[in-house]
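Worksheet: the structure to be examined is printed underneath.
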DNA sequence: AGCCTTTCTGCCAGCGCTTACAACATCTTC
DNA sequence: GAAGATGTTGTAAGCGCTGGCAGAAAGGCT
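Have a look at this one:
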């Protein structure tokens, strides 16, 4: 089933059918009707591969995320998708599960698909990959990694500042021994988030901190909490790298009979919807995921009216959101 | 950057480069080395569109789901993806958000991509779409909709049986007035799940039931619960169409000071990971999502050794999982 | 050395579509 | 009614890759 068959049925040339498909307004109305009819009768759907081969372009944007299971990534993805659709673009998604080989192959796949733009919402990004992407001439957006370059936009959240807000808040509640629950990708040598947390704590001499990490899942949060508590260190507050791990942590604490926030304060990060629905509702840090999604789409898909390129670097300052999972440390002694 | 440039650099023909790329073993080793070197130096990535155009096939399978935000769908997707990768296939995903226009356009898109196989894990599926898919000759798997046909496999969960188990269990606990929390896609005219629930209740004369529905999200579960309680009907147990909505329900109940399971029992469906992590942990019905994912992949991707087609219809009988969100109705009076 | 296999490599015809460019049809205008 | 402007459609040259076929190279024998 191809253009030619439709053309034959409508008694026109393939070029005309193509023109109808691409709604060029040059086609005479009577002809268009005939073609449309043929298309419908034949249930013809253009071969997208042929189309982008011939056209040289692809009206598809690629999105690569670390862990779609975490609603944080999903929320961003969703916004990108709906923006893209609104502008007539498709989006293909790839999930790396924090595995760098997976990242490499996903990026190659996207290049192979000749995507019109690529968003990398991943925590890990080798410099040579950035290099490769820059050379590919594809418009790219990175989240939280890399530096702005030609055809590369950067979005970053001031994670450090966010963690500082959390630490200051816990400190003000009287907490002195803090635990940090991270996820595996975060235990690498140069580890932004973990380091940010350590630094934020180090600013205040009276504080002590210890970290543990596991997979970026509910279960991982639970395991990391278990490991941290088993180490003998006795924190009065747990700073979790994100909300999902915090919910995992909550479960472990509950099973051990450790009351939150009575015996232990817990904080999340991201302000994912679930953080309001878990029990107790999480004190967390809001990252405006929809805003991020919009920025991604804006810098990838050139809008007709709008100015083509926004800032090559966008920095977002996250806000603390207070809920029920944190309280004064003193309560523990009571 | 294309085959020709690589060929020129390696001083061979494009056909030879193509052979190297597709690891045909006929290429002499010394030639292969030269070509590989050229490919790497040029950072060449084959154009996937050209490839599948020329080859006529696409080593890509499509997966369409109703709501990726619900981990139920995501778990299935994830299994399909990893199985597919293991067999050298890519997968492209589309999310319909329960919108039928979105379903239609996603299906057309998949056909346009000439996917090697298509999985539709969606609750809504118009008969004419099924017709269209059958004609497209693409191997298709439906979950919970449609009937087996040539080149169409069907997987269905005996939802009715699952709900019956829930109803019987609640009945045995002394509950007589039940609420059903559904989601919008489920309020259609012929509505399998809602109907199953009503029928399950109708089997037992002493039972009474009332339903409410909202979006398939945490928030939706909360709203539907609010609506149900506002109606004046006073159930002692809430049967939720899935775990996510149940967690939403839990929050509403908590905020109203209604104890679970003391004042109200709540059940979920699916046995998503979150159902263990919420508070209280949910009594639910397990649907083996990994198994479903494997079946999907098996019937879409012809394995070399294995027999090509499995059963055209697979029915899964789900199991009740007891946790902490359900208890005797009598307790309420205490 | 000469002939026959067995490898290996190059040539080229598509795959289905887009897009100049050319060709034809239809109007205008004087 | 002819020339020119305008509108509409057809022709054909690719887009980058694969795969069948045939020719070239290399190796094995007598």
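Chains as they are written, first to last, in our numbering: chain A, 364 to 697; chain B, 364 to 697.
Cβ atoms here follow ideal geometry from the backbone N, Cα and C, with glycine treated the same way.
Contacts between residue 601 of chain B and chain A, judged by CB atoms closer than 8 angstroms, are missing: the closest CB pair is about 15 angstroms apart.
Neighbours of residue 437 of chain B in chain A, taken as residues whose beta carbon is under 9 angstroms from its own, are 431, 432 and 437 in chain order. Residue-level contact check: residue 490 of chain A does not touch chain B, since none of the beta carbons of chain B fall below 8 angstroms from its beta carbon. From the beta-carbon of residue 610 of chain A, the residues of chain B found nearer than 7 angstroms are 640.
The beta strand (DSSP E) runs lying completely inside the segment 528 to 602 of chain B and spanning 3 residues or more are 540 to 546 and 571 to 577, given in chain order. In this structure, DSSP gives residue 606 of chain B a helical state, which the three-state scheme calls helix. Listed in chain order, the non-local C-beta contacts of residue 480 of chain A below 6 angstroms within the same chain comprise 424, 502 and 663, local neighbours out to five positions each way being set aside. Here residue 568 of chain A is exposed. Its C-beta has fewer than 16 other C-beta atoms within 10 Å. Using a Cβ distance threshold of 8 angstroms, residue 371 of chain A and residue 415 of chain A do not count as a contacting pair. Taking a beta-carbon distance threshold of 8 angstroms, residue 453 of chain A counts as an interface residue toward chain B. Taking 7 angstroms as the cut-off between beta carbons, the residues of the segment 404 to 430 of chain B near chain A are 406, 408, 409, 410, 411, 412, 413, 415 and 416, in sequence order. DSSP places residue 482 of chain A inside the beta strand (DSSP E), whose first and last residues are 480 to 484. Comparing alpha-carbon positions, the option among A/654, A/530, A/685 and A/665 lying closest to residue 679 of chain A turns out to be A/654. Cα atoms of residue 458 of chain A and residue 577 of chain B: separation of roughly 30 angstroms, rounded to the nearest angstrom.
In terms of beta-carbon proximity, residue 501 of chain B stays away from the interface with chain A, with every pair separated by 8 angstroms or more. A direct Cα-Cα distance of roughly 10 angstroms separates residue 597 of chain A from residue 539 of chain A. Here residue 614 of chain B is buried, its C-beta having at least 16 other C-beta atoms within 10 Å. Counting other Cβ atoms within 10 Å of its Cβ, residue 444 of chain A reaches 16 or more and is therefore classed as buried. Chain A places no beta carbon closer than 8 angstroms to that of residue 544 of chain B, leaving this residue out of the contacts. For residue 498 of chain B, a Cβ of chain A is located within less than 8 angstroms of the residue's own Cβ. Shown here for residue 676 of chain B: same chain residues with a beta carbon closer than 6 angstroms to its own, the five before and five after excluded, namely 511 and 517 in chain order. Looking from the CA of residue 446 of chain A, the closest CA among A/392, A/528, A/422 and A/630 belongs to A/422. Per DSSP, the unbroken beta strand (DSSP E) holding residue 649 of chain B starts and ends at 647 to 649. A straight-line Cα-Cα distance of about 34 angstroms links residue 619 of chain A and residue 440 of chain B. In terms of Cβ geometry, residue 380 of chain A and residue 395 of chain A do not form a close pair [threshold 8 angstroms].
Residue 392 of chain B sits in a helix when the DSSP states are folded into three classes. In this structure, DSSP gives residue 666 of chain A a state outside helix and strand, which the three-state scheme calls coil.
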